[in-house]
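Novice: Residue numbers (the numbering used here), protein chains in the order written: chain A, 1310 to 1466; chain B, 403 to 480.
#1: Apart from the five residues just before and just after residue 412(B), which ones in its own chain have a Cβ nearer than 7 Å to its Cβ?
#2: Go to residue 1378(A), then tell me how far its alpha helix (DSSP H) extends in each direction, as first and last residue.
#3: Determine the chain A residues that contact residue 441(B) at a beta-carbon separation under 8 Å, and present them in chain order.
#4: Can you give me the C-alpha to C-alpha distance between residue 1372(A) and residue 1358(A), rounded to a whole angstrom?
#5: Measuring alpha carbon to alpha carbon, tell me which of 1453(A), 1442(A) and 1436(A) ends up nearest residue 1343(A).
#6: Please determine, among 1360(A), 1350(A) and 1440(A), the residue with the shortest C-alpha to C-alpha distance to residue 1409(A).
#7: Using only alpha-carbon positions, find the residue among 1447(A), 1427(A), 1444(A) and 1439(A) that is nearest to residue 1332(A).
#8: Looking only at its chain, what residues have a beta carbon closer than 6 Å to the beta carbon of residue 420(B), apart from the 5 residues adjacent to it on each side?
#9: Could you confirm whether any beta carbon from chain A is found closer than 8 Å to the beta carbon of residue 468(B)?
#10: Of the residues 1449(A), 1399(A), 1385(A) and 1378(A), which one's Cα is nearest the Cα of residue 1439(A)?
#11: So, are the CB atoms of residue 422(B) and residue 434(B) less than 8 Å apart?
#12: Over the uninterrupted alpha helix (DSSP H) stretch that includes residue 447(B), give me the two end residues.
#13: Give a yes or no on whether 8 Å exceeds the smallest Cβ distance from residue 421(B) to chain A.
#14: I'd like to know whether the C-beta of residue 1439(A) is nearer than 8 Å to at least one C-beta of chain D.
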């Protein structure tokens, strides 16, 4: 019998997660330092997007994704001091996710590549790391606008 | 805001765990040294604020927007 936790989110309704899948953010995330616990929810139809729902504040819900699965060249330099707090026993235990800024117009959805969320998947501890360099943006366009233009050209023929 | 005046070489200790030292002044810039436990993140104010701002925009994700996005994502053929 597994330990399950049920909580409510204002937009996503009642959510039940395995206690073992609860992510702990010891320092919260910038702007939401008080909120330490999040449920990570995978909904197959929503792939590659995952829901990160606050257990402590029903109004807070993030959508995240694995940036490397979309941009294989995404190679952020993570400082050792930043990762120390996660107490990683092995590098393989580390997974990075990026927060998606949703928009009523899907074409304007962006991804924060400058503030990846680093997760120790064994201890289920996480923190949002702010990258030092300016290589990546907090507002990286998700959908490729140029592909949309190709579609429009095909239609006009 | 607590306001203190320091000379180069002098420092400020916060909560017994964080020490900020004024290293040197170079024209209009001041070099600061920060010693803090590794679990306490230290960032330039304007960078921290940009992340806060983006998190705040992203924090009220809704089911409808996510559904529309999933659909658009699949249609984009990726």
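Glycine included, each C-beta is placed from N, C-alpha and C at the ideal position.
Please read all numbers here as calculations on a predicted model, not as lab measurements.
Specialist: Judging by the given coordinates:
#1: Non-local C-beta neighbours of residue 412(B) in its own chain, meaning closer than 7 Å and more than five positions away in sequence, comprise 424, ordered along the chain.
#2: Note, residue 1378(A): alpha helix (DSSP H), 1376-1379.
#3: The CB of residue 441(B) comes closer than 8 Å to the CB of 1335, 1336, 1393 and 1394 in chain A, given here in chain order.
#4: The alpha-carbon atoms of residue 1372(A) and residue 1358(A) are separated by roughly 6 Å.
#5: Of the candidates 1453(A), 1442(A) and 1436(A), the one whose C-alpha sits nearest the C-alpha of residue 1343(A) is 1436(A).
#6: Of 1360(A), 1350(A) and 1440(A), the residue nearest in Cα terms is 1360(A).
#7: Distance check between residue 1332(A) and each of 1447(A), 1427(A), 1444(A) and 1439(A) places 1427(A) closest, using alpha-carbon atoms only.
#8: Hits under 6 Å: 438.
#9: It does: the Cβ of residue 468(B) has a partner Cβ on chain A nearer than 8 Å.
#10: The residue with the shortest Cα to Cα distance from residue 1439(A) is 1385(A).
#11: Contact: yes.
#12: Its alpha helix (DSSP H) spans residues 447-460.
#13: Not one chain A Cβ lies under 8 Å of residue 421(B).
#14: Of the protein chains in the structure, A and B, none is chain D.
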